[in-house]
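*Asks:*
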Amino acid sequence: MSVTHDAGIQVRKAASLAERPAARGSPDINNPAAWIVAIILLIMPLIANGFFLIEIFATTLILGTIALSLMFLAGYGGMVSLMQLTIAGFCAYMVAVFGASGNANISLGWPWWLAVPMALTLATIFGTLGGALAVRTEGIYTIMITLAIGAAFYYFTNQNWAIFNGHTGINNVATPHFWGVNWRWDIPFYYVVLAVAAICYFAVDYVSRAPFGLALQGVRDNPRRMAALGFNVNAHRVAAYAVASFIAGLAGVLQVWNYRQISPGTVSVGACIDILIIAIVGGITRPVGPYIGALVFVLLRTFALDFLVKIGLDGNRFRLLIGLGFLAIVFWSSDGVIGLWQRWRRSQRPQADGAGGGRGHG
Amino acid sequence: MIRFVERHPAWALIVIIAVAVALWLIFAVWPPGLEEAVGRKRVFLNAVFNGITLGGLYFLVASGFTLIFGLMRNVNLAHGSLYLFGGYVGYAISASTGSWILSFIVAFILTALVGVLLQVVVFRRMEGQDLRQTMVTIGLSIVFADLMLWACGGDFYQIQTPSWLIGPIDLPLLTAIKSSGEPVYLRYPLVRLVIFLASVIIGVAMWLALNRTRIGMIIRAGVDDRDILAATGVRIQVVFVLVFALGAGLAGIAGVVGGTFQSLSPGEDIRFLLASLVVVIVGGMGSIPGAALGALIIGLAEQLGSVYIPTYAIVVTFLIMVLVLAVRPQGLLARR
Numbered sequence: 360m361s362v363t364h365d366a367g368i369q370v371r372k373a374a375s376l377a378e379r380p381a382a383r384g385s386p387d388i389n390n391p392a393a394w395i396v397a398i399i400l401l402i403m404p405l406i407a408n409g410f411f412l413i414e415i416f417a418t419t420l421i422l423g424t425i426a427l428s429l430m431f432l433a434g435y436g437g438m439v440s441l442m443q444l445t446i447a448g449f450c451a452y453m454v455a456v457f458g459a460s461g462n463a464n465i466s467l468g469w470p471w472w473l474a475v476p477m478a479l480t481l482a483t484i485f486g487t488l489g490g491a492l493a494v495r496t497e498g499i500y501t502i503m504i505t506l507a508i509g510a511a512f513y514y515f516t517n518q519n520w521a522i523f524n525g526h527t528g529i530n531n532v533a534t535p536h537f538w539g540v541n542w543r544w545d546i547p548f549y550y551v552v553l554a555v556a557a558i559c560y561f562a563v564d565y566v567s568r569a570p571f572g573l574a575l576q577g578v579r580d581n582p583r584r585m586a587a588l589g590f591n592v593n594a595h596r597v598a599a600y601a602v603a604s605f606i607a608g609l610a611g612v613l614q615v616w617n618y619r620q621i622s623p624g625t626v627s628v629g630a631c632i633d634i635l636i637i638a639i640v641g642g643i644t645r646p647v648g649p650y651i652g653a654l655v656f657v658l659l660r661t662f663a664l665d666f667l668v669k670i671g672l673d674g675n676r677f678r679l680l681i682g683l684g685f686l687a688i689v690f691w692s693s694d695g696v697i698g699l700w701q702r703w704r705r706s707q708r709p710q711a712d713g714a715g716g717g718r719g720h721g
Numbered sequence: 002m003i004r005f006v007e008r009h010p011a012w013a014l015i016v017i018i019a020v021a022v023a024l025w026l027i028f029a030v031w032p033p034g035l036e037e038a039v040g041r042k043r044v045f046l047n048a049v050f051n052g053i054t055l056g057g058l059y060f061l062v063a064s065g066f067t068l069i070f071g072l073m074r075n076v077n078l079a080h081g082s083l084y085l086f087g088g089y090v091g092y093a094i095s096a097s098t099g100s101w102i103l104s105f106i107v108a109f110i111l112t113a114l115v116g117v118l119l120q121v122v123v124f125r126r127m128e129g130q131d132l133r134q135t136m137v138t139i140g141l142s143i144v145f146a147d148l149m150l151w152a153c154g155g156d157f158y159q160i161q162t163p164s165w166l167i168g169p170i171d172l173p174l175l176t177a178i179k180s181s182g183e184p185v186y187l188r189y190p191l192v193r194l195v196i197f198l199a200s201v202i203i204g205v206a207m208w209l210a211l212n213r214t215r216i217g218m219i220i221r222a223g224v225d226d227r228d229i230l231a232a233t234g235v236r237i238q239v240v241f242v243l244v245f246a247l248g249a250g251l252a253g254i255a256g257v258v259g260g261t262f263q264s265l266s267p268g269e270d271i272r273f274l275l276a277s278l279v280v281v282i283v284g285g286m287g288s289i290p291g292a293a294l295g296a297l298i299i300g301l302a303e304q305l306g307s308v309y310i311p312t313y314a315i316v317v318t319f320l321i322m323v324l325v326l327a328v329r330p331q332g333l334l335a336r337r
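Quick mapping for you: the protein sequence lines, in order, are chains E and C. Heads up: the first sequence at position 306 corresponds to 665 in our numbering, and the numbers run straight through without jumps. Heads up: the second sequence at position 48 corresponds to 49 in our numbering, and the numbers run straight through without jumps.
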C-alpha cells in the first residue's frame with residue numbers, strides 16, 4: 360500500500376486495515392500453491408463428474424465472480440454494495456429478454472453474440488447509475504441504499520409482467536451453439552466459466568495495482584486528502600462501480616446460461632445478502648477470497664442437508680448454519696477464512712512473525 | 002416554517018399549491034369529468050386513507066430504526082426480524098388469552114428484552130465499528146429468520162381484531178352525491194383509524210419525550226455528539242440500552258399492528274426492513290419527524306401507486322428515494 364495511512368480516518372474499514380498480502384508487486388507467479396490450484400482447476404473435468412463439475416465448481420466460480428465484484432468495491436473502494444447480485448440478475452434478465460427463450464412473447468430472439476454485449480452494456484449502465492446514487496452518501500449508508508435498490512428490483516421483477524414476466528420468470532433460455540459445440544454441455548461450459556472467472560480475477564488483480572486501483576485505495580483510506588491532491592473522489596467511486604457492474608454482469612450471463620432460466624427468486628434480498636456473506640467469509644482484502652467463500656458456501660448449501668440429517672438434526676436448518684457461521688466469522692476474524700488461515704500460519708512459525716508482519720504493511 | 006418560505010419562495014408556492022389541490026381532491030365532490038379521467042372518488046379516498054394508515058405502521062417500525070441509528074450509528078438490519086418476532090408474540094398472546102391490548106404489552110416487553118440482550122451481549126463489544134455491527138445484524142437477521150421459520154412454520158397468521166373494533170364507520174367525507182341529491186359518505190374500517198391514531202399518539206409522545214424531558218435531552222445530545230456526552234459524565238451505556246429497548250419495543254408493537262391489519266409470514270421481516278430503510282433514507286436518518294414524514298410519503302406512494310399504476314407501484318417508491326437522494330442526500334428533515 361503506497362498511500363500512507365492517516366490515523367484520523369480509522370473509521371474506514373476494519374478489514375482493510377488488516378494485513379495486506381505480502382507479494383503486492385506480482386500476481387501469484389512465484390507461489391507453488393497457486394500453480395497447483397490452477398492445474399487442478401484446468402484438469403477438473405478429468406477428476407469430477409458432471410454433478411460436481413457444474414453444481415459445485417461452476418456454481419462456485421459464478422458466485423465467486425459476483426462476490427469478486429463486491430470484494431473489488433469493498434476491499435479497494437471501501438464501499439459495501441449489496442446490489443451486486445441485483446446487477447448480475449439484471450444482466451441475466453437482459454440476456455433472457457434480448458436472446459431467445461421459451462417465453463417467445465417477451466424474448467426478442469437475438470443471437471447470443473448480440474444479446475450478451477447488449478445485456479452487459481445495460482447492466483453496466485444500471486450498476487453505474489446505482490453506484491452514482493450510492494456515492495452521494497458514505498459508509499454504512501451505502502449498504503442501506505444498495506440494499507434498498509436490490510429489494511426494489513426484486514419486488515419490481517415480481518410485479519412486472521411485460522418485461523420480467525412476473526414471479527414465473529423467463530424459462531428455457533437459449534444457450535450458445537457454435538463451431539459445432541453446444542457450449543452448455545458440462546465440459547465446455549465449465550471451461551467457459553473458468554475462463555471468465557480467471558479473466559475477472561486477473562483483471563481485478565491488475566486493476567488493484569494500476570494507477571486507478573491505487574487511487575481508489577487512496578480514496579478509501581482518506582477521501583479528503585485525495586480530493587486535496589486533485590483526484591475526483593466521486594468519479595473514482597462511480598468508475599469502481601462501473602468496473603464492478605461489468606464483472607457482476609459477466610457472472611450474470613453465466614448464471615442464466617447455467618440454470619437456463621431466471622426468476623425473481625434468483626434476485627431476492629436473501630440472495631443479495633448471500634453474496635455479502637460469501638465475500639466476507641472468504642475475506643475481502645484479496646481477490647481470491649470471494650472464490651474461497653463461494654466454495655465454502657456452495658459446499659455447505661449442497662451438503663448441509665445430508666450432513667444435518669446424518670447427525671440427527673433437522674435438515675432444513677441450513678440457513679441457520681450459514682447465519683451462525685457468518686456470525687462466527689464476523690466475530691472472530693475481520694478478514695474471513697483467509698485471515699484465519701494467515702493467523703494460523705503465523706502461530707505455526709512464531710519466529711518468523713516479525714518479518715512477515717513487517718512486510719505485510721509495505 | 003417562515004424561514005423556509007423566505008429562503009425558497011418558489012418551493013413554498015409549489016408546496017402550498019400541492020396541499021391545496023390535495024385538500025380539494027379530498028373534500029370536494031368531484032366533477033364528472035374528473036371521475037371519468039381518474040376513476041371514482043371513493044377509490045381515491047380509500048387509497049389515501051390506506052396510504053395514511055400504512056404510513057402510521059411504517060412510522061412505528063421506522064421510528065425505532067432511526068432512533069437506534071441516530072444515537073448508536075448502528076444500522077440494525079435485524080430490525081425487520083424484531084418486527085416479525087413482535088408479531089408472532091402478539092399472535093400467540095392474542096390467540097391464547099383473546100386480549101388484543103395485552104398482546105401489545107407483551108410484544109413490547111419481549112422485543113424490548115431481545116433488544117436489550119442484543120445491545121448488552123453483542124453490540125457493546127464492537128462499539129464504534131459501524132460496519133462490523135451492520136454485518137452482525139445481517140447475520141442475526143438470517144439466524145432469527147430461520148429460528149422463527151422453525152418455530153412458526155411458513156403459514157400466514159392474522160391477529161384477531163377485537164370485536165369492538167370490527168366493522169366500518171362513516172367518515173364525514175363526501176364521496177359522491179346520488180341522483181336523488183342524497184350525499185354518500187366514505188365508509189372506512191374503524192380498526193385502521195384507531196391504529197393510525199395510536200401511532201400518531203406514540204409519535205407525539207416520542208417527540209414530547211425527546212424534546213421536553215431530561216432523558217430526551219440526553220438522547221438528543223447523544224445523537225449530536227456522543228463522545229462529548231459521555232465525557233460530561235452521562236452513563237451513556239445505560240442510555241444506549243434504553244434507546245435500543247425502546248426502538249426494539251416499537252418494532253414489536255408494529256409487528257402486532259401489522260399482524261392485525263395485514264398478516265404475518267416469513268418474508269415480512271425483509272419487507273418491513275426495506276420499508277424502514279426507504280422511510281429513513283427519505284425522511285433523514287436519525288430524525289423522528291423525518292421518519293413520520295417519510296412514512297407518510299412512502300405509505301401514500303405505495304397505496305396510490307398500487308391503485309393507479311399497479312405494475313409500477315414499487316418503482317414509484319423507489320423513484321421517490323432516488324429523487325430525495327439526488328436533491329437532498331441527507332434526507333428531507335435531517336439536520337446534517
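Built from N, CA and C at the ideal position, the CB exists for glycine as well.
Quick check on the burial criterion: 16 or more other C-beta atoms within 10 angstroms. Buried or exposed for HIS595/E?
*Replies:* Numbered from its first residue, the first sequence carries residue 595/E at position 236. By the 10 Å Cβ count, HIS595/E comes out buried.
*Asks:* Could you tell me whether the Cβ of GLY140/C comes closer than 7 Å to any Cβ of chain E?
*Replies:* Within the second sequence, numbered from 1, the residue matching residue 140/C stands at position 139. Yes, its Cβ sits closer than 7 Å to a Cβ of chain E.
*Asks:* Output the distance between the C-alpha atoms of ILE18/C and TRP12/C, rounded to the nearest integer angstrom.
*Replies:* Here residue 18/C corresponds to residue number 17 of the second sequence, with the count starting at 1. Here residue 12/C corresponds to residue number 11 of the second sequence, with the count starting at 1. Distance between the alpha carbons of ILE18/C and TRP12/C is about 10 Å.
*Asks:* Can you confirm whether GLY682/E, when its beta carbon is compared against all beta carbons of chain C, has any partner nearer than 7 Å?
*Replies:* If you number the first sequence from 1, residue 682/E lands on position 323. Closer than 7 Å to some Cβ of chain C, the Cβ of GLY682/E qualifies, so yes.
*Asks:* Let me know if GLN238/C comes out buried or exposed under the rule of 16 or more other beta-carbons within 10 Å of its beta-carbon.
*Replies:* Working through the second sequence from its first residue, we reach residue 238/C at position 237. Label assigned to GLN238/C: exposed.
*Asks:* Would GLN518/E count as contacting chain C if we go by Cβ distances under 7 Å?
*Replies:* For the purposes of this step, residue 518/E is identified with residue 159 of the first sequence, where counting begins at 1. Answer yes: the Cβ-Cβ gap between GLN518/E and chain C drops below 7 Å somewhere.
*Asks:* In chain C, which residues lie with their C-beta within 7 Å of the C-beta of MET503/E?
*Replies:* For the purposes of this step, residue 503/E is taken as residue 144 along the first sequence, with counting starting at 1. The answer, in chain order, is VAL76, LEU278, ILE282.
*Asks:* Using a Cβ cut-off of 8 Å, pull out every chain E residue sitting near THR312/C, in sequence order please.
*Replies:* Locating residue 312/C in the second sequence gives position 311, where the first residue counts as 1. Neighbours of THR312/C on chain E, chain order: GLN518, ASN519, TRP520, ALA521.
*Asks:* Give me the Cβ distance between THR112/C and ALA296/C, rounded to the nearest whole Å; I'm assuming they're in contact under 8 Å.
*Replies:* One-based indexing of the second sequence puts residue 112/C at position 111. One-based indexing of the second sequence puts residue 296/C at position 295. Not a contact, Cβ separation roughly 19 Å.
*Asks:* What are the residues in the stretch 118 to 131 of chain C lying within 7 Å of chain E by C-beta distance?
*Replies:* Correct list: GLN130, ASP131.
*Asks:* Which residues of the stretch 318 to 333 of chain C have a Cβ closer than 9 Å to any Cβ of chain E? Give them in chain order.
*Replies:* Those residues of the stretch 318 to 333 of chain C that come within reach of chain E (Cβ to Cβ, closer than 9 Å) are THR318, PHE319, MET322, VAL323, LEU326, ALA327, PRO330, GLN331.
*Asks:* So with CB distances below 7 Å, who are the chain E contacts of VAL137/C?
*Replies:* Walking along the second sequence from the start, residue 137/C turns up at place 136. Under the 7 Å cutoff, chain E gives LEU686, VAL689.
*Asks:* To which residues of the same chain is VAL121/C closer than 7 Å at the C-beta, ignoring the five residues directly before and after it?
*Replies:* Counted from its first residue, the second sequence places residue 121/C at position 120. So the qualifying residues of the chain are VAL242.
*Asks:* Return the residues of the stretch 143 to 163 of chain C that lie within a Cβ-Cβ distance of less than 9 Å from chain E, sorted by chain order.
*Replies:* Per Cβ criterion, the list reads ILE143, VAL144, PHE145, ALA146, ASP147, LEU148, LEU150, TRP151.
*Asks:* Under 7 Å between beta-carbons, which chain C residues line up against PHE515/E? List them in chain order, please.
*Replies:* Taking the first sequence and counting its residues from 1, the one referred to as residue 515/E is at position 156. In chain order: ILE315, VAL316.
*Asks:* Hey, VAL612/E and TYR513/E: beta-carbon distance below 7 Å or not?
*Replies:* The residue labelled residue 612/E in the question sits at position 253 within the first sequence. The residue labelled residue 513/E in the question sits at position 154 within the first sequence. Cβ distance not < 7 Å, so VAL612/E and TYR513/E don't count as in contact.
*Asks:* Using 8 Å for Cβ pairs, my map puts ALA653/E next to LEU422/E. What's the rounded Cβ distance?
*Replies:* For the purposes of this step, residue 653/E is identified with residue 294 of the first sequence, where counting begins at 1. For the purposes of this step, residue 422/E is identified with residue 63 of the first sequence, where counting begins at 1. Yes, ALA653/E and LEU422/E are in contact; Cβ-Cβ is about 4 Å, under 8 Å.
*Asks:* Is any beta-carbon of chain C found at less than 7 Å from that of ALA507/E?
*Replies:* If you number the first sequence from 1, residue 507/E lands on position 148. Chain C, which has a Cβ nearer than 7 Å to the Cβ of ALA507/E, makes this yes.
*Asks:* Taking only the alpha-carbon atoms, compute the straight-line gap between GLY641/E and GLY259/C and give it to the nearest angstrom.
*Replies:* Along the first sequence, read from residue 1 onward, the residue named residue 641/E stands at position 282. Along the second sequence, read from residue 1 onward, the residue named residue 259/C stands at position 258. Distance between the alpha carbons of GLY641/E and GLY259/C: 38 Å.
*Asks:* To which residues does DSSP link ARG188/C through a beta bridge?
*Replies:* Walking along the second sequence from the start, residue 188/C turns up at place 187. Per DSSP, ASP171/C.
*Asks:* Output, in chain order, the set of chain C residues within a Cβ distance shorter than 8 Å of ILE639/E.
*Replies:* Translated into positions along the first sequence, residue 639/E becomes position 280. Those are MET136, listed as they occur along chain C.
*Asks:* Buried or exposed for TYR500/E, please, with buried defined as at least 16 other CB atoms from any protein chain shown within 10 angstroms of its CB.
*Replies:* Taking the first sequence and counting its residues from 1, one reaches residue 500/E at position 141. Buried, by the Cβ-count rule.
*Asks:* On the premise that ILE529/E lies in contact with ILE465/E, defined as a C-beta separation below 8 Å, what is that separation, rounded to the nearest angstrom?
*Replies:* Here residue 465/E corresponds to residue number 106 of the first sequence, with the count starting at 1. Here residue 529/E corresponds to residue number 170 of the first sequence, with the count starting at 1. The Cβ separation is near 6 Å, so the contact holds.
*Asks:* Could you give the residue range of the alpha helix (DSSP H) that holds ARG568/E?
*Replies:* Counting from one through the first sequence, the residue named residue 568/E turns up at place 209. 545 to 568 is the extent of the alpha helix (DSSP H) around ARG568/E.
*Asks:* With DSSP as the reference, label LEU320/C as helix, strand or coil.
*Replies:* Translated into the one-based positions of the second sequence, residue 320/C becomes position 319. Three-state result, LEU320/C: helix.
*Asks:* In whole angstroms, what is the alpha-carbon distance linking PHE245/C and GLY71/C?
*Replies:* As a first step, residue 245/C must be located in the second sequence, where it is residue number 244. As a first step, residue 71/C must be located in the second sequence, where it is residue number 70. Using only the alpha carbons, I get a separation of about 11 Å.
*Asks:* If you draw a straight line from the alpha carbon of ALA478/E to that of GLY608/E, how long is it in whole angstroms?
*Replies:* If you number the first sequence from 1, residue 478/E lands on position 119. If you number the first sequence from 1, residue 608/E lands on position 249. Their Cα atoms are separated by approximately 8 Å.
*Asks:* Would you verify that the beta carbon of ILE271/C is, or is not, closer than 7 Å to some beta carbon of chain E?
*Replies:* Walking along the second sequence from the start, residue 271/C turns up at place 270. So, interface residue.
*Asks:* I believe VAL90/C touches ALA108/C by the beta-carbon criterion, under 8 Å. Please report the beta-carbon distance rounded to the nearest angstrom.
*Replies:* Here the question's residue 90/C lines up with position 89 in the second sequence. Here the question's residue 108/C lines up with position 107 in the second sequence. Right, their Cβ atoms sit about 5 Å apart.
*Asks:* What residues in the stretch 476 to 499 of chain E have a beta carbon less than 8 Å from any beta carbon of chain C?
*Replies:* Per Cβ criterion, the list reads LEU492, ARG495, THR496, GLY498, ILE499.
*Asks:* Rounded to whole angstroms, how far is the Cβ of VAL325/C from the Cβ of LEU492/E, which I believe are closer than 8 Å?
*Replies:* Residue mapping note: residue 325/C aligns to position 324 of the second sequence, counting from 1. Residue mapping note: residue 492/E aligns to position 133 of the first sequence, counting from 1. Contact doesn't hold; Cβ gap of about 10 Å is too wide.
*Asks:* Mind listing the chain E neighbours of LEU297/C? Cutoff is C-beta to C-beta under 7 Å, in chain order.
*Replies:* As a working note, residue 297/C is residue 296 in the second sequence. The contacting residues do not exist; LEU297/C stays about 18 Å from chain E at best.
*Asks:* Kindly indicate which residue of MET403/E, GLY572/E, ILE637/E, PHE690/E has the alpha-carbon position closest to the one of ARG660/E.
*Replies:* Here residue 660/E corresponds to residue number 301 of the first sequence, with the count starting at 1. Comparing Cα positions, the closest option is ILE637/E.
*Asks:* Name the two residues that bound the continuous alpha helix (DSSP H) containing ASP131/C.
*Replies:* Reading the second sequence from its first residue, position 130 is the one you call residue 131/C. Its alpha helix (DSSP H) spans residues 131 to 153.
*Asks:* So the candidates are GLY253/C, SER64/C, GLY56/C, SER104/C; which of them puts its Cα closest to the Cα of GLY116/C?
*Replies:* Indexing the second sequence from 1 puts residue 116/C at position 115. Selected option, being the one with the closest Cα: GLY253/C.
*Asks:* Using a beta-carbon distance cut-off of less than 7 Å, what residues from the stretch 247 to 276 of chain C approach chain E?
*Replies:* Within the stretch 247 to 276 of chain C, the residues whose Cβ lies closer than 7 Å to some Cβ of chain E are ILE271, LEU275, listed in chain order.
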